[in-house]
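Protein chains: 2
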Amino acid sequence: MNTDTSPRPRMTRQRREILDALDTRDFRSAQSWHEHLRADGSTVGLATVYRALQALADTGDVDAVVSESGETLYRRCEAGEEHHHHLRCRSCGKAVEIDVPEFEDFAHRIGDAHGYGDIRHTIELTGICPECAAAGRG
Amino acid sequence: MNTDTSPRPRMTRQRREILDALDTRDFRSAQSWHEHLRADGSTVGLATVYRALQALADTGDVDAVVSESGETLYRRCEAGEEHHHHLRCRSCGKAVEIDVPEFEDFAHRIGDAHGYGDIRHTIELTGICPECAAAGRG
DNA sequence: CCTGATTTTGACAATCATTCTCAACAAGTT
DNA sequence: AACTTGTTGAGAATGATTGTCAAAATCAGG
Ligand SMILES: [Zn+2]
Ligand SMILES: [Zn+2]
Ligand SMILES: [Zn+2]
Ligand SMILES: [Zn+2]
């Protein structure tokens, strides 16, 4: 059987630029990343940014969370990082990675207890970071 | 000062119908609740359903969660119920309320540790309920 | 019950994030 | 260089949600 169904993506100028932009490790929407890129002189298209971020999220190279307003926010994940969660600033997107070890088991136990299978969980902490609080934002 | 800024909403036929429909205590999108209502003979408009659900969510009479696809799902909350979380079926919306007492404190401790204020948290467990699993859905 | 002040409704337009379309383009191969 | 095939980007399309506003309904008062 051939399990290599998807060839590795080609390294284009756009993909490079997007990867570079992601070094600013904050949570931002695809549109926001696009603005940043254009502001930096890039001519990359919005659709391309969406496609790249989704592809990266699929491979686990970036984290994606859905904000309270329903937008999807993306952030580069530390290489080789394991499953984890975030404490994110609702104002600027700055995030800290957190572990909630006790919860990982708890989730499955609860699922089993109610007969639910294929359990997935979401844990998101949001707040206002020190900088934003000091600046009166948020 | 007058703190009573919002008069209690008028009891209209539409509001009554929506409240009744909510007795089916599953998580459904505004559009889905609207379909149910129409299927039951109601002539309520979509915008009205959106407005009612949002108002109820604001007062805490219904729970609102954002699904992975970004849709907002609503479900009637048990009267007088305190803060809680859910284990929800991704296929049919059936949900069980769960407590995660250990986590409630943890959230604030983590926030303090990083200097983040106005901490909020989201915990959602999703899975496939026994019925859906048996029916091959999901 | 009638009336008027105010709220609510609903058809439809408008928004907004995201996805789709498809012809032009560029990466990587030979 | 020539070719094959994945990638791009402008703009259209989609889908959920919100805004608009005239018509209808609620609920005090009289
Ligand atoms: Zn911040
Ligand atoms: Zn986890
Ligand atoms: Zn189910
Ligand atoms: Zn909680």
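Just so you know, the sequences run in chain order A and B. Residue numbers for the first sequence follow the numbering used here, so the first one is 108 and each next one is one higher. Residue numbers for the second sequence follow the numbering used here, so the first one is 108 and each next one is one higher. Each residue gets a CB set at the ideal place from its N, CA and C atoms; glycine is no exception.
Contact with chain B by residue i, beta-carbon distance below 8 angstroms
| i | result |
| --- | --- |
| Pro237/A | yes |
| Ala214/A | yes |
Beta-carbon neighbours of residue i, restricted to chain B and to distances below 7 angstroms
| i | result |
| --- | --- |
| Glu209/A | Glu209 |
| Leu194/A | Ile217, Gly218, His221, Tyr223 |
| Val203/A | His221 |
Contact list for residue i against chain A, beta-carbon separation under 9 angstroms
| i | result |
| --- | --- |
| Val173/B | Val173, Ser174, Glu175, Ser176, Gly177 |
Within-8 angstroms CB hit, residue i to chain A
| i | result |
| --- | --- |
| Met108/B | Any reading at Met108/B is ruled out, since the residue's pLDDT is 49, under 50, leaving its predicted position unreliable. |
| Cys199/B | no |
Neighbouring residues, chain B, relative to residue i (Cβ below 8 angstroms)
| i | result |
| --- | --- |
| Thr228/A | Going by the sequence as given, residue 228/A is His instead of Thr. The answer, in chain order, is Ile230, Glu231, Leu232, Thr233. |
Residue i Cβ short of 7 angstroms to ligand 5 heavy atom set
| i | result |
| --- | --- |
| Glu211/B | In the structure on display, ligand 5 does not appear, and the ligands it does have are ligand 1, ligand 2, ligand 3 and ligand 4. |
Beta-bridge partners of residue i, as assigned by DSSP
| i | result |
| --- | --- |
| Glu231/B | Thr229/A, His193/B |
| Ser136/B | Leu180/B |
| Ile205/A | His192/A |
| Gly224/A | Ile235/B |
Contacts of residue i in chain B (Cβ-Cβ under 9 angstroms)
| i | result |
| --- | --- |
| Ala240/A | Gly222, Tyr223, Gly224, Asp225 |
Examine the Cβ distances between the stretch 217-225 of chain B and the stretch 209-226 of chain A and report whether three or more of them are shorter than 8 angstroms. no
Contiguous alpha helix (DSSP H) assignments of at least 4 residues, all confined to the stretch 116-173 of chain B: 120-128, 137-146, 153-166
Contact the stretch 122-135 of chain B vs the stretch 195-202 of chain B: 3+ CB pairs below 8 angstroms: yes
On the three-pair Cβ rule with 8 angstroms, is the stretch 223-232 of chain B touching the stretch 228-239 of chain A? yes
For the structure I just gave you, are there three or more beta carbon pairs, one from the stretch 116-125 of chain A and one from the stretch 171-186 of chain A, closer than 8 angstroms? no
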